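Residue numbers (full-length UniProt numbering): 1 to 414. The C-beta atom is built at its ideal place from N, Cα and C for all residues, glycine as well. Computed from a predicted structure; not experimentally measured. Take a look at the structure set out below.
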């Protein structure tokens, strides 16, 4: 028997006239869509997920800080969502929203305990060692295609490099990296292999935890196990899985989005000739204009409240419109651009569930190194297709290219 489609509560304001968070507009010009939402609804807009499921999308900079900075009003535990009872078992977004016992959905003292262990473990990463790992891995990946004179920098470089670095940092054996990549991509693709990929990822994390419990090393997994917070093996396994997912896809698309910017915008041409300052500028601009995580799910209203002129009901889903908030005219110059050097974007989210500072530092080292090594090795890098031929993923949740085909003078392995 087929379960009924999800139905919003009668008279739900998020359903009447709500904007669907799917379709080709997120692939073509999402920034225009955010402008239209802001003009029609202000900083908080009613939207609709697949299957007619209602939610609120926060696209105001101040309002997003308000939502993420007030856990007493907007909780992270999705079990309070009042739509769960109406969702079909095969609702495609269920894996993204379903509460699991991890740092991702923990609240209050439990979140503080787990967050402290994760943050301290990440803070133990030596930035010089991290850069060394990143350089070695970048060189190894470039060696695989340098002699061809052409490559897809998404599939062959940006998609693989952060994950391989994370393997070393977390304590995984590099021989496990291919299995890890396959499991992670299967889960993120959301296809028929997604459940098996998710299960395999947990198995690999559990094996890592058991190995490090017996043979600790200078890695994140070992430091989490030894932390005074006293995390169980299951807690460490699940929080390592969160770190892996959160560290991979955003870093991957940050690298490829920045490379696209540098290859298509003449302001950054100097970097392709070996300049350094513009790489940092391009990385920052990519977070403002094409932040990898466009929309994040999310927060759930603890009680009836108001944000941005909208009445939010207890149990409503509130989505973090990071890309929309970064584009808020209130934090832009009159010409619509962010002030040069302004790093106050919300791409790392905000509040107690924002990306830990040591993780931000590590992501920047990985992304900067990826681009520097690539431009050093292939200084005449150029797009192999017209800019308008580049295709973005048709997703409201992430902003990333399907492929970034480039050409260059064939070189030799490093």
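With respect to the alpha helix (DSSP H) encompassing residue 256, which residues constitute its N-terminal and C-terminal limits? Counting from one through the chain shown, the residue named residue 256 turns up at place 256. That run of the alpha helix (DSSP H) goes 233 to 264.
Could you say if the region 208 to 218 and the region 154 to 168 meet the contact criterion of at least three C-beta pairs nearer than 8 Å? no
I'd like to know if the region 289 to 302 and the region 61 to 80 are in contact, where contact means that at least 3 CB-CB pairs between them fall below 8 Å. yes
Report back the beta-carbon spacing between residue 56 and residue 319 to the nearest angstrom; my notes put them in contact at under 8 Å. Counting from 1 along the chain shown, the entry for residue 56 is found at position 56. Counting from 1 along the chain shown, the entry for residue 319 is found at position 319. At roughly 7 Å, the Cβ-Cβ gap stays under 8 Å, so residue 56 and residue 319 are in contact.
Does the Cβ-Cβ distance between residue 121 and residue 233 come in under 8 Å? In the chain shown, the residue the question calls residue 121 occupies position 121. In the chain shown, the residue the question calls residue 233 occupies position 233. Contact flag unset, no.
Please return the same chain residues whose Cβ sits closer than 6 Å to the Cβ of residue 410, not counting the five positions on each side in sequence. Counting from 1 along the chain shown, the entry for residue 410 is found at position 410. Only 147 and 149 meet the Cβ criterion.
Given residue 345 as reference, the closest of 389, 103, 287 and 305 once Cα atoms are compared: In the chain shown, counting from the first residue as 1, residue 345 sits at position 345. The candidate whose alpha carbon is nearest that of residue 345 is 287.
Where are the alpha helix (DSSP H) runs, 4 residues long or more, that stay fully inside the region 14 to 48, in chain order? 25 to 28 and 30 to 41
Which runs of the beta strand (DSSP E) at least 3 residues long sit entirely within the region 336 to 364? Give them in chain order. none
So, with DSSP's three-state summary, where would you put residue 99? Taking the first residue of the chain shown as 1, we reach residue 99 at position 99. Note: residue 99 maps to coil in three-state DSSP.
Assuming residue 406 contacts residue 381 (C-beta within less than 8 Å), just tell me the rounded distance between them. Indexing the chain shown from 1 puts residue 406 at position 406. Indexing the chain shown from 1 puts residue 381 at position 381. Rounded, the Cβ-Cβ distance is 6 Å, consistent with contact.
So, residue 34 versus residue 324, is the Cβ gap smaller than 8 Å? Counting from one through the chain shown, the residue named residue 34 turns up at place 34. Counting from one through the chain shown, the residue named residue 324 turns up at place 324. Note that the C-beta distance between residue 34 and residue 324 is below 8 Å.
Touch check for the region 253 to 267 and the region 179 to 189: three-plus C-beta pairs under 8 Å? no
Could you pull the start and end residues of the alpha helix (DSSP H) that residue 430 belongs to? In the structure displayed, the chain extends from 1 to 414; residue 430 sits before or after that span and is not available.
Would residue 369 pass as a contact of residue 135 if the rule is Cβ separation under 8 Å? Residue 369 sits at position 369 when you count from the first residue of the chain shown. Residue 135 sits at position 135 when you count from the first residue of the chain shown. The answer is yes: Cβ separation under 8 Å.
Which one of 127, 289 and 95 has the shortest CA to CA distance from residue 194? Residue 194 sits at position 194 when you count from the first residue of the chain shown. Closest by alpha carbon: 95.
If residue 114 and residue 239 are in contact, beta carbons under 8 Å, what's the gap, nearest whole angstrom? Locating residue 114 in the chain shown gives position 114, counting from the first residue. Locating residue 239 in the chain shown gives position 239, counting from the first residue. About 6 Å separates the two Cβ atoms, so the contact holds.
For residue 247, count neighbouring C-beta atoms within 10 Å of its own C-beta (all shown protein chains included) and say buried if the count is 16 or more, exposed if not. Numbered from its first residue, the chain shown carries residue 247 at position 247. Per the 10 Å Cβ criterion, buried.
Less than 8 Å between the CB atoms is what I'm expecting for residue 294 and residue 396, so what's the real figure, rounded? Residue mapping note: residue 294 aligns to position 294 of the chain shown, counting from 1. Residue mapping note: residue 396 aligns to position 396 of the chain shown, counting from 1. Going by Cβ atoms, the distance from residue 294 to residue 396 rounds to 6 Å, so yes, they are a contact pair.
Looking at the strands, I want to know which residues DSSP matches up with residue 54. By 1-based counting over the chain shown, the position of residue 54 is 54. Residue 54 is bridged to 48.
To the nearest angstrom, how far is the alpha carbon of residue 335 from that of residue 183? The sequence position of residue 335 within the chain shown is 335, counting from 1. The sequence position of residue 183 within the chain shown is 183, counting from 1. Spanning the two alpha carbons is a distance of roughly 44 Å.
Assuming residue 317 and residue 83 are in contact, meaning their beta carbons sit under 8 Å apart, how far apart are those beta carbons, in whole angstroms? Position 317 of the chain shown, counted from the first residue, corresponds to residue 317. Position 83 of the chain shown, counted from the first residue, corresponds to residue 83. Confirmed, about 7 Å.
Own chain, CB closer than 7 Å to residue 172, minus 5 neighbours either side, in chain order: Mapped onto the chain shown, residue 172 falls at position 172. Correct list, in chain order: 180 and 208.
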